[in-house]
Structure formats: structure tokens, C-alpha cells
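Here is the structure we will look at.
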Amino acid sequence: MVIRTIQVFARCFPPDGRLVYAGQGDGTIRAWDVGSGKEVWYVDAEGSVWEIALCENGKSLLSSHIDGSVILWDLRTKHEMQRMRLRGAWLRTGSVVGSMSITGDGERVVLPSSIGYIELWDIKTWSMLECFKAHPGETTIWETSISHDGKWFASSAEDGTIRIWRLH
Numbered sequence: 378m379v380i381r382t383i384q385v386f387a388r389c390f391p392p393d394g395r396l397v398y399a400g401q402g403d404g405t406i407r408a409w410d411v412g413s414g415k416e417v418w419y420v421d422a423e424g425s426v427w428e429i430a431l432c433e434n435g436k437s438l439l440s441s442h443i444d445g446s447v448i449l450w451d452l453r454t455k456h457e458m459q460r461m462r463l464r465g466a467w468l469r470t471g472s473v474v475g476s477m478s479i480t481g482d483g484e485r486v487v488l489p490s491s492i493g494y495i496e497l498w499d500i501k502t503w504s505m506l507e508c509f510k511a512h513p514g515e516t517t518i519w520e521t522s523i524s525h526d527g528k529w530f531a532s533s534a535e536d537g538t539i540r541i542w543r544l545h
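Numbering-wise, the sequence shown is residues 378 to 545 according to the working numbering.
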């Protein structure tokens with residue numbers, strides 16, 4: 378099946394695999410039914426969407442945008458629940474959040490940077506809980522992934538390494 382859309386920067390599946398969500402260059406986030414290919418969910422997120430991540434509870438979605446904002450969406454109501462404008466080091470380098478991972482309880486998010494750091498944030502208060510010097514030098518971190526039990530996360534970077542970290 379081919380779903381026709383515009384420029385897609387991010388995509389993800391919920392745990393049940395019935396839908397596919399896409400964050401797009403036109404500032405929208407959409408979801409399609411995998412079986413029928415029909416669009417079933419839409420929100421105008423105002424600005425190019427660089428990354429999206431679903432909370433495992435299936436109730437909310439997190440999106441990062443070209444302007445450095447990260448937005449938490451209620452999937453049922455399609456309303457913005459919270460917005461944070463990041464002031465992290467990667468914004469000074471001109472990059473945006475290109476990867477993010479949410480803990481299974483939906484309370485924390487791991488955000489990597491383009492200069493070798495990974496930050497752990499509390500989603501409810503938008504306070505930084507911890508900052509990891511994850512990779513040597515100013516290495517761009519490509520992806521992060523949190524274990525289902527929320528105790529570990531992995532990072533991969535342009536230096537060719539995968540590193541494993543314990544969350545506290």
C-alpha cells in the first residue's frame with residue numbers, strides 16, 4: 378500500500394499497529410488506518426514537524442518542530458496539552474530535535490543534541506532532570522531508544538557507536 382502525502386520527516390506506529398502517524402514539512406501531523414489507507418486523524422501543528430513519538434499508553438503524542446518547540450498532544454481531543462521552547466545547546470548550533478524517546482509511563486523524554494549531549498526531561502514540568510555527555514566531541518547523536526521497562530536508553534551517533542545508559 379502506498380499512502381500519498383507531502384514531505385514526511387517523521388513517522389511512528391502505536392503499539393497496536395493499526396495506524397501510522399506522520400509529521401510533515403507543512404506543519405501537520407496525520408494518521409492513516411494501515412488496513413484501508415484512509416486518513417483518520419489530523420492536527421495542524423504550526424511549523425515543520427521534525428520528529429514525533431507516541432506515549433505507550435496511546436493517549437498522547439510528542440512532536441518536535443523546526444523552531445525548537447516540543448509539543449505534547451492529546452490524541453483523543455487533538456488539543457495541545459503542553460508546549461516547551463527548548464533552549465538547549467543544540468539550538469545554539471542551529472539544529473533542532475531530530476530524535477526523541479518517551480518512557481513507557483509517558484512522564485519523561487530523552488532528547489539528543491548535535492553536540493554530543495543527551496538530556497532527560499520531565500514532560501509534565503518541562504524541567505531537565507539530567508544531562509549526559511553521551512558521545513565524545515561535538516558528535517551528532519542520530520537516534521535514541523528507551524527500553525520498555527524505562528530503566529535504560531541507547532544512543533547511536535555519527536561516530537559509529539551505540540552507547541547504553543541507565544535512567545535514574
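All C-beta atoms in this analysis are idealised placements derived from N, C-alpha and C, irrespective of residue type, glycine included.
Give me, in chain order, the residues of the same chain whose beta-carbon lies closer than 8 Å to that of residue i; leave out the 5 immediate sequence neighbours on both sides.
i, result
"residue 395", "410, 411, 412"
"residue 478", "430, 486, 487, 521, 522, 523, 530"
For residue i, write down the residues that DSSP places opposite it in a beta bridge.
i, result
"residue 397", "409"
"residue 439", "430, 449"
"residue 421", "405"
Confirm, please, whether the CB-CB distance from residue j to residue i is below 8 Å.
i, j, result
"residue 389", "residue 449", "no"
"residue 400", "residue 440", "yes"
"residue 496", "residue 519", "no"
Residues in the same chain with beta-carbon distance under 6 Å from residue i, minus the five sequence neighbours each way, listed in chain order, please.
i, result
"residue 459", "449"
"residue 468", "Low confidence applies here, because residue 468 scores a pLDDT of 43, under 50, leaving its location unreliable; read the following figure in that light. Hits under 6 Å: 445."
Buried or exposed for residue i, going by 16 or more other Cβ atoms inside 10 Å?
i, result
"residue 502", "exposed"
"residue 504", "exposed"
"residue 507", "exposed"
Using a Cβ-Cβ cutoff of less than 7 Å, which residues in the same chain neighbour residue i once the five nearest sequence positions on both sides are dropped?
i, result
"residue 404", "421, 422, 423, 424, 425, 426"
Between the alpha carbons of residue i and residue j, how many angstroms are there, rounded?
i, j, result
"residue 386", "residue 545", "31 Å"
"residue 451", "residue 435", "9 Å"
"residue 541", "residue 516", "16 Å"
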